[in-house]
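In the numbering used here, the protein residues as written are 21 to 309. Ideal Cβ placement from N, Cα and C applies to all residues, glycine included. For reference, the structure is listed below as structure tokens.
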Ligand code: NAP
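Here's what the structure looks like:
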């Protein structure tokens, strides 16, 4: 059993922190910027809440975070009230935010100055994965702190792997998002085409999902896409943040991401249609305008 803090009780962080307590049996202290959420979490799960990241981090073996983007992450880690100020040498910070590889390297270096280990550990599996404690976690950092963190992460993960040096977890998550972007557009075009052609989409998917076109997105999202329902998880605003990170990294490493760049622009159409909080399968909505 470890003493841990969790910073950021959003769609993902709220259930992840709960698994650390219930499944992992750890002593959990939570922090959330909007205090009402941390009070609700403590009322439901026990444990303690603290008003700043620094106070939440004090006395812990490990501090977890899952906030929005690079700047949010800097806000909860750095400065007078940031978590690093409260952590002792020899402790570990595990970041589950989807952020840039740059910020992971920057915070790894900042943490190292204080003798703190930093692991970038973005997740895949969405809200359902967080709620079921079945996330996939891709990590970057040093092997020794990773080995200490992995059994604790196991409370909410079905798979966890060290991918390499600091930033390697975020780079792996970028590959994940690049793969999803083109795939969802292809699925949207296929379903929209099938509907125009007058086919029964459920019948079509029943057949083609047994063949080479099968995908998680197809099996889990085809029905809601066909029905124009887009309230099933990962928001378009977050996806644009992720694709922006991928495109910026590609500009630097020379990779070509033509489809990813195009799909990023398609998502900007969805935002303009009022779909900022729709889930990512809403690419089909712009085909049906
Ligand atoms: P969310 O529901 O919007 O929650 C964001 C959390 O971060 C909230 O607790 C928020 O606090 C906190 N936060 C944001 N900015 C902050 C700041 N500057 N200082 C302190 N706290 C701050 O987001 P989410 O869906 O849980 O996603 C969190 C991260 O996981 C994102 O990087 C996202 O890309 C990634 N992710 C999400 C999914 C998904 O399906 N949702 C899947 C994989 C990865 P408040 O309550 O005060 O706003």
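Can you name, in chain order, every residue of its own chain whose Cβ lies under 8 Å from the Cβ of residue 124, other than the five neighbours on each side?
For this step, residue 124 is matched to residue 104 along the chain shown. Once the five neighbours on either side are set aside, the close Cβ partners of residue 124 are 115, 138, 140, 160, 186, 187, 189, 190.
Check whether the Cβ of residue 152 lies closer than 6 Å to any heavy atom of the ligand NAP, and answer yes or no.
For this step, residue 152 is matched to residue 132 along the chain shown. Placement of the Cβ of residue 152 at a distance of 6 Å or more from every heavy atom of the ligand NAP is found.
For residue 287 versus residue 259, is the C-beta spacing smaller than 7 Å?
If you number the chain shown from 1, residue 287 lands on position 267. If you number the chain shown from 1, residue 259 lands on position 239. Cβ atoms of residue 287 and residue 259: closer than 7 Å.
Any idea if residue 73 is buried or exposed, counting beta-carbon neighbours within 10 angstroms, 16 or more meaning buried?
What you label residue 73 is simply residue 53 of the chain shown in a count that begins at 1. Per the 10 Å Cβ criterion, buried.
Identify which residue in 52, 67, 270, 272 has its Cα closest to the Cα of residue 45.
Taking the first residue of the chain shown as 1, we reach residue 45 at position 25. When each option's Cα is compared against that of residue 45, the closest is 67.
In whole angstroms, what is the alpha-carbon distance linking residue 32 and residue 219?
Residue 32 sits at position 12 when you count from the first residue of the chain shown. Residue 219 sits at position 199 when you count from the first residue of the chain shown. Roughly 37 Å between the two C-alpha positions.
To which residues of the same chain is residue 301 closer than 8 Å at the C-beta, ignoring the five residues directly before and after it?
Translated into the one-based positions of the chain shown, residue 301 becomes position 281. So the qualifying residues of the chain are 204, 207, 208, 237, 241, 244, 245, 250, 252.
With a threshold of 6 Å (Cβ to nearest heavy atom), would residue 29 be considered close to the ligand NAP?
Position 9 of the chain shown holds residue 29. True, at least one ligand heavy atom lies under 6 Å from that Cβ.
Starting from the N-terminal side, write out each stretch of the alpha helix (DSSP H) that is 4 residues or longer and does not extend beyond the region 206-289.
221-228, 236-246, 256-273
Is the Cβ-Cβ distance between residue 77 and residue 106 less than 7 Å?
If you number the chain shown from 1, residue 77 lands on position 57. If you number the chain shown from 1, residue 106 lands on position 86. Contact flag set, yes.
The region 174-184 in contact with the region 272-283 per 3-pair CB rule at 8 Å
no
Let's test the definition: count the other Cβ atoms within 10 Å of the Cβ of residue 2 and tell me whether it reaches 16, buried, or not, exposed.
Residue 2 cannot be examined here, being either before or after the span of the chain that is shown, 21 to 309.
Continuous beta strand (DSSP E) assignments of at least 3 residues falling wholly in the region 97-130:
112-115
Pull up the DSSP beta-bridge partners for residue 47, would you.
To locate residue 47, count along the chain shown from 1; it is residue 27. DSSP lists 23 as partners of residue 47.
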